[in-house]
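Undergrad:
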Amino acid sequence: GQQLNQSPQSMFIQEGEDVSMNCTSSSIFNTWLWYKQDPGEGPVLLIALYKAGELTSNGRLTAQFGITRKDSFLNISASIPSDVGIYFCAGRPIQGAQKLVFGQGTRLTINP
Amino acid sequence: DAGVIQSPRHEVTEMGQEVTLRCKPISGHDYLFWYRQTMMRGLELLIYFNNNVPIDDSGMPEDRFSAKMPNASFSTLKIQPSEPRDSAVYFCASSLQTGAIGNTIYFGEGSWLTVV
Numbered sequence: 493g494q495q496l497n498q499s500p501q502s503m504f505i506q507e508g509e510d511v512s513m514n515c516t517s518s519s520i521f522n523t524w525l526w527y528k529q530d531p532g533e534g535p536v537l538l539i540a541l542y543k544a545g546e547l548t549s550n551g552r553l554t555a556q557f558g559i560t561r562k563d564s565f566l567n568i569s570a571s572i573p574s575d576v577g578i579y580f581c582a583g584r585p586i587q588g589a590q591k592l593v594f595g596q597g598t599r600l601t602i603n604p
Numbered sequence: 022d023a024g025v026i027q028s029p030r031h032e033v034t035e036m037g038q039e040v041t042l043r044c045k046p047i048s049g050h051d052y053l054f055w056y057r058q059t060m061m062r063g064l065e066l067l068i069y070f071n072n073n074v075p076i077d078d079s080g081m082p083e084d085r086f087s088a089k090m091p092n093a094s095f096s097t098l099k100i101q102p103s104e105p106r107d108s109a110v111y112f113c114a115s116s117l118q119t120g121a122i123g124n125t126i127y128f129g130e131g132s133w134l135t136v137v
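Chains A and B are the protein sequences, given in the same order.
So the number in the working numbering is just where the residue sits in the first sequence, counting from 1, plus 492.
So the number in the working numbering is just where the residue sits in the second sequence, counting from 1, plus 21.
1. I want to know whether the segment 103-120 of chain B touches the segment 51-66 of chain B - three or more CB-CB distances under 8 Å.
2. For the segment 571-599 of chain A, which residues have a beta carbon sitting closer than 9 Å to at least one beta carbon of chain B?
3. Using the C-alpha atoms, what's the distance from Gly-129 (chain B) back to Val-25 (chain B)?
4. Whole angstroms is fine: what's the gap from Ser-96 (chain B)'s alpha carbon to Gly-508 (chain A)'s?
5. Find the residues of chain A that neighbour Phe-112 (chain B), judging by a C-beta separation of less than 9 Å, and give them in chain order.
6. Which of the three DSSP states, helix, strand or coil, is assigned to Ala-121 (chain B)?
7. DSSP three-state label for Arg-106 (chain B), please.
8. Please confirm if the segment 28-41 of chain B is in contact with the segment 99-112 of chain B, defined as three or more CB-CB distances below 8 Å between the two stretches.
9. Determine the extent of the beta strand (DSSP E) in which Val-33 (chain B) is found, giving its start and end residues.
10. For Asp-77 (chain B), which three-state DSSP category applies?
11. By the criterion of Cβ-Cβ separation under 7 Å, what are the contact partners of Leu-547 (chain A) in chain B?
12. Can you list the residues of chain B that Ala-540 (chain A) reaches, using a CB-CB cut of under 7 Å?
13. Return the CA-CA distance between Ser-48 (chain B) and Pro-75 (chain B), expressed in angstroms with no decimal places.
14. Three-state secondary structure (DSSP) at Asp-84 (chain B)?
15. From B:Tyr-111, B:Val-137, B:Trp-133, pick the residue whose C-alpha is nearest to that of Glu-65 (chain B); which is it?
16. Which chain A residues are close to Glu-35 (chain B), counting only those with a beta carbon under 7 Å from its beta carbon?
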């Protein structure tokens with residue numbers, strides 16, 4: 493089935509640093525979503541992107557829907573301890589529009 | 022507004038036993054999804070419903086798994102008989118009808134299943 497390649501798999505940073513992660517696909521998606529999962533919880537939606545080229549911010553988070561519709565990135569500026577968790581990208585392919593395909597996740601660890 | 026509600030949050034059961042996971046979607050949502058999360062395979066879609074009707078169950082691993090949605094506010098995922106390799110976190114999620122801007126999927130907190 494379709495898969496998303498999410499990188500990096502893990503990140504170890506200092507508090508205050510900026511973070512960047514991305515997802516790529518071999519096929520076109522018409523929606524990109526970024527979720528964060530805290531330990532013991534379900535994924536929570538951070539940002540949703542619906543148009544190629546769209547750049548959207550949510551506080552310190554910024555995400556973009558790639559022009560080719562095959563990639564997306566998420567940036568976190570000035571990281572804080574509560575940013576720790578696993579970040580997932582998810583895409584909705586053209587075919588099977590209700591089915592979200594998830595990346596493998598980026599585990600973010602922050603040293604205070 | 023209440024989110025997606027799942028029960029039980031945690032279950033430990035013996036191999037061979039029947040397991041039933043329950044889900045109440047967000048009121049008004051037309052779509053309901055069951056996902057499974059493991060370290061090895063990440064988040065996998067098992068099955069999804071539209072207006073209580075199963076649309077795609079191609080992700081259901083085998084006949085031991087079954088899912089039902091008897092009404093718009095309730096769904097179950099059943100494993101019978103359970104096996105240790107079924108140990109995972111099972112998420113229920115719901116969304117509004119496709120095509121609309123803002124049609125994103127909202128997850129419950131998950132049911133953490135351990136089969137020993």
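The beta-carbon is built from N, C-alpha and C at its ideal position, and this holds for glycine as well.
These numbers were taken from a predicted model, which means no experiment stands behind them.
TA: Reading it off the structure:
1. Yes, the segment 103-120 of chain B is in contact with the segment 51-66 of chain B.
2. Listed by position, the residues of the segment 571-599 of chain A near chain B (Cβ gap below 9 Å) are Phe-580, Ala-582, Arg-584, Gly-588, Ala-589, Gln-590, Lys-591, Leu-592, Val-593, Phe-594, Gly-595, Gln-596, Gly-597.
3. Taking the first residue of the second sequence as 1, we reach residue 25 (chain B) at position 4. Taking the first residue of the second sequence as 1, we reach residue 129 (chain B) at position 108. Taking the straight line joining both Cα atoms gives about 5 Å.
4. Residue mapping note: residue 96 (chain B) aligns to position 75 of the second sequence, counting from 1. Residue mapping note: residue 508 (chain A) aligns to position 16 of the first sequence, counting from 1. Using only the alpha carbons, I get a separation of about 43 Å.
5. Along the second sequence, read from residue 1 onward, the residue named residue 112 (chain B) stands at position 91. Here the neighbours are Gly-534, Pro-535.
6. For the purposes of this step, residue 121 (chain B) is taken as residue 100 along the second sequence, with counting starting at 1. Low confidence applies to Ala-121 (chain B): its pLDDT is 48, below 50, so where it sits in the model is not reliable enough to give any reading.
7. Taking the first residue of the second sequence as position 1, residue 106 (chain B) is located at position 85. Residue state, collapsed to three classes: helix.
8. As far as the Cβ criterion goes, the segment 28-41 of chain B touches the segment 99-112 of chain B, which means the pair count is three or higher.
9. To locate residue 33 (chain B), count along the second sequence from 1; it is residue 12. From DSSP, the beta strand (DSSP E) with Val-33 (chain B) extends over 31-34.
10. Residue mapping note: residue 77 (chain B) aligns to position 56 of the second sequence, counting from 1. Correct three-state label for Asp-77 (chain B): strand.
11. Within the first sequence, the letter at position 55 stands for residue 547 (chain A). Those do not exist, as Leu-547 (chain A) stays about 16 Å from chain B at its closest Cβ, beyond 7 Å.
12. The residue given as residue 540 (chain A) occupies position 48 in the first sequence. Per Cβ cutoff of 7 Å: Thr-125.
13. Against the second sequence, residue 48 (chain B) aligns to sequence position 27. Against the second sequence, residue 75 (chain B) aligns to sequence position 54. Taken atom to atom, the span from the alpha-carbon of Ser-48 (chain B) to that of Pro-75 (chain B) is near 18 Å.
14. Residue mapping note: residue 84 (chain B) aligns to position 63 of the second sequence, counting from 1. Here Asp-84 (chain B) sits in coil by DSSP.
15. Counting from 1 along the second sequence, the entry for residue 65 (chain B) is found at position 44. Per the Cα distances, B:Tyr-111.
16. The residue given as residue 35 (chain B) occupies position 14 in the second sequence. Correct list: empty, because the minimum Cβ distance to chain A is about 23 Å.
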